[in-house]
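Student: Here it is, the structure, as structure tokens.
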Amino acid sequence: MRPSLIQILIAIALLLAPLPALAAALDDALARLAADSYSETEKAIGEITASGDQAALAILDAMANRRLFISAGDKSVYVKDGAGAVFEARTGKPVASAPADLAMVRLNNRLRGMVEASLGSLTLLSPDAGKRLAAAETVFKSKDEKLLGTVEGALAKEQNARVKQALSEARAAIILAKADATITAKTEAIAVLADRADRDALAVVRGATATPSPELNAAAEAAVQTIERRLYFVGLAQNVWYGLSLGSVLLLAAIGLAITFGVMGVINMAHGEMVMLGAYTTFVVQEAFRTMAPGWFDWSLPIAIPLAFLVAALAGIAIERGIIRFLYGRPLETLLATWGVSLILQQAVRTTFGPTNREVGNPSYMSGAFDFFGLSITYGRLWIIVFTLVVFFALLLALKATPLGLQMRAVTQNRRMASSMGIRTGWIDAMTFALGSGIAGIAGVALSQIDNVSPNLGQSYIIDSFMVVVFGGVGNLWGTLFGAFVLGVANKFLEPVAGAVLGKILILVLLILFIQRRPRGMFALKGRAVEA
Amino acid sequence: MGFTGRAMLRGVTLAAGLAIGASSALAQDTIKVGILHSLSGTMAISETTLKDVMLMLIEEQNKKGGLLGKKLEAVVVDPASNWPLFAEKARELITQQKVSAVFGCWTSVSRKSVLPVFKELNSILFYPVQYEGEESERNVFYTGAAPNQQAIPAVDYLMSKDGGDVKRWVLEGTDYVYPRTTNKILEAYLLAKGVAPADISIGYTPFGHSDWQTRVAAIKKFGSEGKKTAVVSTINGDANVPFYKELANQGVKATDIPVVAFSVGEEELAGVDTSNLVGHLAAWNYFQSIKDAKNDEFIAKWKTFTKNPKRVTNDPMEAHVIGFDMWVKAVEKAKTIDPDKVIETLPGIEAPNLTGGTSKMLANHHITKPVFIGEIKADGQFDVVWKTDGLVPGAAWSPYLDGSKDLVADWVEKKCGNFNTKTGKCGGA
Chain A
76 MRPSLIQILI AIALLLAPLP ALAAALDDAL ARLAADSYSE TEKAIGEITA
126 SGDQAALAIL DAMANRRLFI SAGDKSVYVK DGAGAVFEAR TGKPVASAPA
176 DLAMVRLNNR LRGMVEASLG SLTLLSPDAG KRLAAAETVF KSKDEKLLGT
226 VEGALAKEQN ARVKQALSEA RAAIILAKAD ATITAKTEAI AVLADRADRD
276 ALAVVRGATA TPSPELNAAA EAAVQTIERR LYFVGLAQNV WYGLSLGSVL
326 LLAAIGLAIT FGVMGVINMA HGEMVMLGAY TTFVVQEAFR TMAPGWFDWS
376 LPIAIPLAFL VAALAGIAIE RGIIRFLYGR PLETLLATWG VSLILQQAVR
426 TTFGPTNREV GNPSYMSGAF DFFGLSITYG RLWIIVFTLV VFFALLLALK
476 ATPLGLQMRA VTQNRRMASS MGIRTGWIDA MTFALGSGIA GIAGVALSQI
526 DNVSPNLGQS YIIDSFMVVV FGGVGNLWGT LFGAFVLGVA NKFLEPVAGA
576 VLGKILILVL LILFIQRRPR GMFALKGRAV EA
Chain S
779 MGFTGRAMLR GVTLAAGLAI GASSALAQDT IKVGILHSLS GTMAISETTL
829 KDVMLMLIEE QNKKGGLLGK KLEAVVVDPA SNWPLFAEKA RELITQQKVS
879 AVFGCWTSVS RKSVLPVFKE LNSILFYPVQ YEGEESERNV FYTGAAPNQQ
929 AIPAVDYLMS KDGGDVKRWV LEGTDYVYPR TTNKILEAYL LAKGVAPADI
979 SIGYTPFGHS DWQTRVAAIK KFGSEGKKTA VVSTINGDAN VPFYKELANQ
1029 GVKATDIPVV AFSVGEEELA GVDTSNLVGH LAAWNYFQSI KDAKNDEFIA
1079 KWKTFTKNPK RVTNDPMEAH VIGFDMWVKA VEKAKTIDPD KVIETLPGIE
1129 APNLTGGTSK MLANHHITKP VFIGEIKADG QFDVVWKTDG LVPGAAWSPY
1179 LDGSKDLVAD WVEKKCGNFN TKTGKCGGA
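Sequence order for the protein chains is A and S. The numbers in the first sequence follow our numbering, run straight up by one, and end at 607. The numbers in the second sequence follow our numbering, run straight up by one, and end at 1207.
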């Protein structure tokens, strides 16, 4: 690799400056850390940053990542790397046997912010484009006037378009905050920030609307309006996205119920517990991965999906064969019996796994977010939407294009006719119920990623699931799909206006009014199937 | 079928009758202690632990020779997170089991539900959870924090230089009595400190709320107006986990917008991946990570008792340790378990807490406690970043609310829980 500018600069500095003096500055700074007081650490951070020492960057980086340690005995400072190996902070040399009395250098949020800003100022010229980008962002936030020269220097030699953009925005933020910058420079800075058009830019530009110069104020006002208009549309899109994401969760929870309740007509109050069983299966699978193959943790979800289906489907068969089949045609008894089953399952899980929440981790592809034209989209939610749609269409295919699906529809439409055609109706009932329950189990895998894995997990989804199925139209899978997304989007548009609690109440009231008008839901089945 | 069922029922009733008869015969040899914590339902997650702590403390006291020469006997009932059932179970403990004191309740709703029972039957309740204040009953001893022992110091810390000099506030809570009252007090306090009403945003979500996308986006928006912003969270129970997950997913870092929570402790964090939460705060009167000989001893005992080396300890557990110790000392001092005598003896009793201080029961039936602000660490424990100089006496009535600023609670001299200093009469505002 070509030596970067900062390395050359440091080399020159090392040649020019009397070496012992520099070393002494850093040593003094490190000695302050031994006091374990925030005010001393604050001074130390300033001094380490100012020391210009080669080791400063590594030390600050270790501090920010909680990998900087100090020995209580001889007050020397060490860096631990990710693997647990210990290095001398001063020289970067590995240490054969680390002192036993190492204590982490403690930071609070204010100091953490300082370290980040210092790191930003030191990594503006880093050879790594990702680091330069992060540095430009921290400078944008700190708006440190002293860094204007460095930012401009970095800007002049920057090749990467994204980093260049970030640097010019950071430069604009500094200029706008700087008292003695010219009006022309500031107006140009406003134009740069208006293009950025996010909340951070808005905050910076808004700060420039009350200056002594009327011409600058007008420019800033105009920029504020442009940014606000853009943010308004981004906000609308964001609400739609949140609505789709909530809708996909509702759909996932309700889709199994659309089979057991929608197709078979069984009011299964234990549906939520099938979801819970799926979530606990995920937990068990992840525990196995954690102990046996921690490196393959990302594969835990693909493995958990078929297992969760199997566990919930078997539980479903047991419930159908053991209880529900004796109660067909008696909805009230079914409701009470399955409610009892749900309580039994909850308490059984509580006794086996304990009453506290179990930790289900997010694989790397399920965490974090990315920026999409100003929308912040979280990976977890995105994958859940994709996953829900896959499950939905797979189910649709299973019902429409497989022999089992055909038999299911035959049995639900006319049981006696199907039976006389040679279909084992009892077995089909069990299979249908198993399919519905198994899909609830799969839903549990997805929900374990965004909700708590606790014995009560199912309870929070049972009402919503029934709501979706009834609203969409009982017996119609497409109705369930649209019902879920309509309820999700409506909820998310009401929530910012009315608040989460009132929003939910409003949705329920609207739903009741809707059911009054259309008792069979959005997509009512027509024809003889309705009477059967 | 019906006949055998009825016969069986009769048999069960008979057996139960015999059991009660047998236990009341035993009652002369033991002192009974009631434990009223939910072992099933939503609150089981938090309350089961408290039941176990009480069993451990009672077992330990029995090893030391019991109380007044008698063995202690724990009577455990399960109110199943069902608020009216709390009142029924409390009545059962006092009238049928004849317990001498009850340790129990978690949510404020459950406490409010049992209050009339304890008043009517004149028994003693030790309540171990931090709560909203605005209450002082003769029969209840509050060993958890009042708002001035948790909420107010936490806000003071955030306003200080080390806390980040916060200027804008989001008060985010679950929709029930504790967060609503606490937020009312905090809002009045912030306004009194000169915070503009536009710089305070209050939001409520239902119990078990799991879709935090909209609220977190709103917090992000509120925090991007150029002033340092913090979130004061009175979110209770399960809803915290998805809340923190969403904060991490949307990239809200503690260095930008710190969250200080009043209901998130070691136990709640046990089910969360904390690597993204580092730096967010919690305010409590106890943390497991506090180095003290008494605390180390307690943690070791707890791990042995539960046979689980990973079990964590938390603040309400410490409150029960202090409360139980105070009750034992009061009974020993009064030489009787008669509720009136014990209630009279309790104010002034001192007991060591687990963080190196000595807590004292005050005349208003609250205790003195130290206040700590802790930062979440990557291992789910807390690192104390700030603490009060000494112990803070719990205040039943907030001086920042109109209805309560003239009220004082004093069961020693005034024999009143809501004495109005303006009118000079007992009976509230």
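Every residue gets a Cβ at the ideal spot worked out from N, C-alpha and C, and that includes glycine.
1) Where DSSP assigns a beta bridge to residue 1198(S), which residues make up the other side?
2) Is the shortest distance between the beta-carbon of residue 57(A) and the beta-carbons of chain S less than 8 Å?
3) Tell me the rounded alpha-carbon separation between residue 144(A) and residue 579(A).
4) So residue 1189(S) packs on residue 904(S), CB below 8 Å; how close in whole Å?
5) Under three-state DSSP, which class holds residue 375(A)?
6) Give the single residue among 327(A), 277(A) and 506(A) whose Cα lies nearest to the Cα of residue 303(A).
7) Residues in its own chain within less than 8 Å of residue 1125(S) by CB, not counting five upstream and five downstream?
8) Could you tell me the alpha carbon to alpha carbon distance between residue 826(S) and residue 851(S), rounded to whole angstroms?
9) Comparing alpha-carbon positions, which option in 357(A), 246(A), 401(A) and 335(A) lies nearest residue 381(A)?
10) Please list, in chain order, the residues of the stretch 410 to 428 of chain A that have any C-beta partner in chain S closer than 7 Å.
11) Could you tell me the distance, in whole angstroms, from the CA atom of residue 174(A) to the CA atom of residue 992(S)?
12) Straight-line CA distance for residue 507(A) to residue 980(S)?
13) Could you tell me the distance, in whole angstroms, from the CA atom of residue 371(A) to the CA atom of residue 505(A)?
14) Using a Cβ-Cβ cut-off of less than 7 Å, give me the residues of the stretch 816 to 834 of chain S that come near chain A, in sequence order.
15) Helix, strand or coil: how does DSSP classify residue 238(A) here?
16) What's the call for residue 800(S), buried or exposed, on a 16-neighbour Cβ count within 10 Å?
17) Looking only at DSSP bridge pairs, what is residue 1062(S) linked to?
18) Between which residues of its own chain and residue 281(A) is the CB-CB distance below 8 Å, once the five residues before and five after are set aside?
19) Quick one: list the residues of chain S neighbouring residue 552(A), beta-carbon separation under 8 Å, in chain order.
20) What does residue 313(A) touch in chain S if you count any residue whose Cβ is under 7 Å from its own?
21) Using a Cβ-Cβ cut-off of less than 9 Å, give me the residues of the stretch 316 to 344 of chain A that come near chain S, in sequence order.
22) Could you tell me which uninterrupted alpha helix (DSSP H) segments, each at least 4 residues in length, are contained entirely in the stretch 211 to 264 of chain A, listed from first to last along the chain?
23) Residue 111(A) to residue 466(A), Cα distance in whole Å?
24) Going along chain A, which residues have a C-beta under 7 Å from residue 942(S)?
25) Within 10 Å of its beta-carbon, does residue 1193(S) have 16 or more other beta-carbons around it, so buried, or fewer, so exposed?
26) Under the three-state reduction of DSSP, which class applies to residue 532(A): helix, strand or coil?
27) When we look at the beta-carbon of residue 542(A) and count the other beta-carbons within 10 Å, is it buried (16 or more) or exposed?
28) Listed from N- to C-terminal order along the chain, which residues in the stretch 968 to 987 of chain S have their beta-carbon within a distance smaller than 8 Å of any beta-carbon of chain A?
29) Can you tell me whether residue 909(S) is helix, strand or coil according to DSSP?
30) Using the DSSP secondary-structure output, state which residues sit across from residue 946(S) in a beta bridge.
31) Check the C-beta distance from residue 1147(S) over to residue 927(S) and give it rounded, since I have them as a contact under 8 Å.
32) Which of helix, strand or coil does DSSP assign to residue 364(A)?
33) For the stretch 564 to 579 of chain A, enumerate the residues whose C-beta is nearer than 7 Å to any C-beta of chain S, in chain order.
34) Do residue 1115(S) and residue 809(S) have their C-beta atoms within less than 8 Å of each other?
35) What's the call for residue 1080(S), buried or exposed, on a 16-neighbour Cβ count within 10 Å?
36) Look at the alpha carbon of residue 536(A) and the alpha carbon of residue 1118(S), and state the distance between them as a whole number of angstroms.
Tutor: Well, looking at it:
1) Paired residue(s): 1185(S) and 1203(S).
2) Residue coverage of chain A in this structure runs from 76 to 607, which leaves residue 57(A) outside it and unanswerable.
3) Annotation: residue 144(A) to residue 579(A) spans about 50 Å, alpha carbon to alpha carbon.
4) About 15 Å; that fails the 8 Å criterion.
5) Under the three-state reduction of DSSP output, residue 375(A) falls in the helix class.
6) Shortest Cα-Cα distance from residue 303(A) to any of 327(A), 277(A) and 506(A) involves 277(A).
7) 1139, 1140, 1141, 1143, 1189 and 1190, listed in sequence order.
8) If you draw a straight line from the Cα of residue 826(S) to the Cα of residue 851(S), it is about 18 Å long.
9) For residue 381(A), the nearest C-alpha among the options comes from 357(A).
10) Against chain S - using a Cβ distance shorter than 7 Å - the residues of the stretch 410 to 428 of chain A are 422 and 425.
11) Cα-Cα distance, rounded: 48 Å.
12) Distance between the alpha carbons of residue 507(A) and residue 980(S): 47 Å.
13) Approximately 36 Å, taken between the alpha carbons.
14) Legend: CB atoms of the stretch 816 to 834 of chain S lying less than 7 Å from CB atoms of chain A belong to residues 818, 820, 822, 823 and 826.
15) DSSP places residue 238(A) in helix when its eight states are reduced to three.
16) Bear in mind that a pLDDT of 43 at residue 800(S), under 50, signals an unreliable position, so the number given afterwards is only what the model happens to contain. Here residue 800(S) is exposed: its Cβ has fewer than 16 other Cβ atoms, across all protein chains shown, within 10 Å.
17) Under DSSP, the beta-bridge partners assigned to residue 1062(S) are 1150(S).
18) Hits under 8 Å: 295 and 299.
19) Those within 8 Å of residue 552(A) in chain S number zero; the least Cβ separation is about 23 Å.
20) Correct list: 995.
21) For the stretch 316 to 344 of chain A, the set of residues with a beta-carbon nearer than 9 Å to any beta-carbon of chain S comprises 316, 317, 320, 321 and 324, in chain order.
22) List check, alpha helix (DSSP H) in window: 223 to 232 and 236 to 252.
23) Going from the Cα of residue 111(A) to the Cα of residue 466(A) covers about 54 Å.
24) Contact note: residue 942(S) reaches chain A through 184 and 185, using a C-beta cutoff of 7 Å and chain order.
25) Flag for residue 1193(S) reads exposed.
26) DSSP, reduced to helix, strand and coil, places residue 532(A) outside both helices and strands of the structure shown, so it counts as coil.
27) Label assigned to residue 542(A): buried.
28) Residues of the stretch 968 to 987 of chain S with a C-beta less than 8 Å from any C-beta of chain A: 981, 982, 983, 984, 986 and 987, listed in chain order.
29) Assigned with DSSP and collapsed to three states, residue 909(S) falls in coil, not helix or strand.
30) The partner list for residue 946(S) (beta bridge, DSSP) reads 1007(S).
31) Between residue 927(S) and residue 1147(S) the Cβ distance is about 5 Å, and since that is below 8 Å, they are a contact.
32) Here residue 364(A) sits in helix by DSSP.
33) Answer in chain order: 567, 570, 571, 574, 575, 576 and 579.
34) Contact annotation: residue 1115(S) and residue 809(S) have beta-carbon atoms nearer than 8 Å.
35) Result: buried.
36) Each residue's alpha carbon lies about 48 Å from the other.
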